[in-house]
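Those protein sequence lines, which keep their order, are chains A and B. For the first sequence, this note's numbering assigns the number 1 to the initial residue and increments by one for each residue that follows. For the second sequence, this note's numbering assigns the number 142 to the initial residue and increments by one for each residue that follows. From the three backbone atoms N, C-alpha and C, an ideal C-beta is built for every residue, glycine too. See below for the structure under consideration.
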Amino acid sequence: MSRTSSKSQPRNQPQHSEPSLNDYSSTPQTQESFLKAVHDSLCDGIQHLLGKSTCDVLIESYHLDKLTNAPQELHDQLSHIFGSSAVVLERIIVKELYNTCDLNYADTEPFNFNLTDHLKVARKQFMIKTVWRLRENGGPN
Amino acid sequence: MVDQTKENILQRLLSSDVKADLLVLFHKNPGLIDTMEGIARRIGRVTSAVEAEIRDLVAMGLLKVKFIGAAQVYALDKVRDKHVLDEAANHIKSIQ
Numbered sequence: 001m002s003r004t005s006s007k008s009q010p011r012n013q014p015q016h017s018e019p020s021l022n023d024y025s026s027t028p029q030t031q032e033s034f035l036k037a038v039h040d041s042l043c044d045g046i047q048h049l050l051g052k053s054t055c056d057v058l059i060e061s062y063h064l065d066k067l068t069n070a071p072q073e074l075h076d077q078l079s080h081i082f083g084s085s086a087v088v089l090e091r092i093i094v095k096e097l098y099n100t101c102d103l104n105y106a107d108t109e110p111f112n113f114n115l116t117d118h119l120k121v122a123r124k125q126f127m128i129k130t131v132w133r134l135r136e137n138g139g140p141n
Numbered sequence: 142m143v144d145q146t147k148e149n150i151l152q153r154l155l156s157s158d159v160k161a162d163l164l165v166l167f168h169k170n171p172g173l174i175d176t177m178e179g180i181a182r183r184i185g186r187v188t189s190a191v192e193a194e195i196r197d198l199v200a201m202g203l204l205k206v207k208f209i210g211a212a213q214v215y216a217l218d219k220v221r222d223k224h225v226l227d228e229a230a231n232h233i234k235s236i237q
């Protein structure tokens, strides 16, 4: 039996196995909830790993909370502060995000799977889950 | 001038995924007291994978070791932990 995944399919072919993401998922509210989840996970991840004082410094002095919609900039800023150790913190933030969004986190991604890739996958899964929930409840409102 | 000691603390805290998982475990559960095997199980690892990292956290003073009967158990040293994390925060502030 073959399993289809978005990674293995050519880009120009429609992905019939996935729910459509063009209905409720692109609403500002859904985008906003995802960004809020990223924000909360960023703060919680830093706090759980390095404590509240470090989290406060990173928010006040580096405004990391403003970079929730810019994963590459977030990665660059974390790399500037923590050097190569930034990936360790990023993994904790990503784990928090998956936990917050009630998504399954697999700790088996390739080494070059970076923060941007993780956030892309999380956003996609979050949108699918949101569409699924809304459909089960008969649509938004 | 960058304070090498504080920089080293930060690098040491973030030296591996296992150590990060251990720190998150103890910070989320500051009252946790458990054996090395128990701690490893809690973060989904085998004992051999956490041994060196737990020993390093003990060497840094973040974890303290106690004996309960014959069992060697580990707990977070909350005072030392706060001190180390405050040092790390001050270092981060200084490199801006």
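Next on the checklist: With a threshold of 8 Å between beta-carbons, can Val143 (chain B) be considered close to chain A, or not?
Outcome noted: Translated into positions along the second sequence, residue 143 (chain B) becomes position 2. Note on Val143 (chain B): pLDDT 43, under 50, position unreliable in the model; no value is reported.
Checklist entry - How is the beta strand (DSSP E) around Asp175 (chain B) delimited, first residue to last? => result Residue mapping note: residue 175 (chain B) aligns to position 34 of the second sequence, counting from 1. Its beta strand (DSSP E) spans residues Ile174 to Thr176.
Next on the checklist: For Leu64 (chain A) and Leu58 (chain A), which I take to be in contact (beta-carbon distance under 8 Å), what is that distance rounded to the nearest angstrom?
Outcome noted: Against the first sequence, residue 64 (chain A) aligns to sequence position 64. Against the first sequence, residue 58 (chain A) aligns to sequence position 58. Rounded, the Cβ-Cβ distance is 5 Å, consistent with contact.
Checklist entry - Of all Cβ atoms in chain A, is any one closer than 8 Å to the Cβ of His168 (chain B)? => result Here residue 168 (chain B) refers to the residue found at position 27 when the second sequence is read from its first residue. Closer than 8 Å: yes.
Checklist entry - Taking DSSP as the reference, what is the three-state secondary structure of Ile150 (chain B)? => result The residue labelled residue 150 (chain B) in the question sits at position 9 within the second sequence. In the three-state scheme derived from DSSP, where H, G and I count as helix and E and B as strand, Ile150 (chain B) is classed as helix.
Item to check | Contact check, Leu103 (chain A) vs Ser41 (chain A), beta carbons under 8 Å | outcome: Numbered from 1 along the first sequence, position 103 holds the residue referred to as residue 103 (chain A). Numbered from 1 along the first sequence, position 41 holds the residue referred to as residue 41 (chain A). Taking 8 Å as the Cβ cut-off, Leu103 (chain A) and Ser41 (chain A) do not qualify as a contacting pair.
Item to check | Val88 (chain A) - DSSP class collapsed to helix/strand/coil | outcome: On the first sequence, position 88 is the one that residue 88 (chain A) refers to. Helix, per DSSP.
Next on the checklist: Please state the DSSP three-state secondary structure of Ile209 (chain B).
Outcome noted: Counted from its first residue, the second sequence places residue 209 (chain B) at position 68. Correct three-state label for Ile209 (chain B): strand.
Checklist entry - Tell me which same chain residues have a C-beta within less than 7 Å of the C-beta of Lys95 (chain A), skipping the five on either side of it? => result Looking up residue 95 (chain A) in the first sequence gives position 95. Closer than 7 Å at Cβ, skipping near neighbours: Tyr105.
Next on the checklist: For Phe34 (chain A) and Phe208 (chain B), what's the separation of their Cα atoms in angstroms?
Outcome noted: For this step, residue 34 (chain A) is matched to residue 34 along the first sequence. For this step, residue 208 (chain B) is matched to residue 67 along the second sequence. C-alpha separation (whole angstroms): 46 Å.
Item to check | Given Pro71 (chain A) as reference, the closest of A:Ser61, A:Thr100 and A:Ala86 once Cα atoms are compared | outcome: As a first step, residue 71 (chain A) is located in the first sequence; it is residue number 71 there, counting from the start. Of the candidates A:Ser61, A:Thr100 and A:Ala86, the one whose C-alpha sits nearest the C-alpha of Pro71 (chain A) is A:Ala86.
Checklist entry - So, using beta-carbon positions, are Leu173 (chain B) and Ala212 (chain B) closer together than 8 Å? => result What you label residue 173 (chain B) is simply residue 32 of the second sequence in a count that begins at 1. What you label residue 212 (chain B) is simply residue 71 of the second sequence in a count that begins at 1. Cβ atoms of Leu173 (chain B) and Ala212 (chain B): not closer than 8 Å.
Item to check | Cutoff 6 Å; reference Leu198 (chain B); Cβ partners in own chain excluding five residues on either side | outcome: One-based indexing of the second sequence puts residue 198 (chain B) at position 57. The residues are Leu204.
Item to check | Straight-line gap, Asp76 (chain A) to Leu115 (chain A) (C-alpha atoms, nearest Å) | outcome: As a first step, residue 76 (chain A) is located in the first sequence; it is residue number 76 there, counting from the start. As a first step, residue 115 (chain A) is located in the first sequence; it is residue number 115 there, counting from the start. The straight-line gap from Cα to Cα measures roughly 10 Å.
Item to check | Residue interval of the alpha helix (DSSP H) (run including Val165 (chain B)) | outcome: Taking the second sequence and counting its residues from 1, the one referred to as residue 165 (chain B) is at position 24. Its alpha helix (DSSP H) spans residues Asp158 to Lys169.
Checklist entry - Based on the DSSP output, what are the partners of Leu204 (chain B) in its beta bridges? => result Your numbering for residue 204 (chain B) matches position 63 in the second sequence. The partner list for Leu204 (chain B) (beta bridge, DSSP) reads B:Leu217.
Item to check | Three-state class that DSSP yields for Val187 (chain B) in the structure shown | outcome: As a first step, residue 187 (chain B) is located in the second sequence; it is residue number 46 there, counting from the start. If DSSP states are grouped into helix, strand and coil, Val187 (chain B) belongs with coil.
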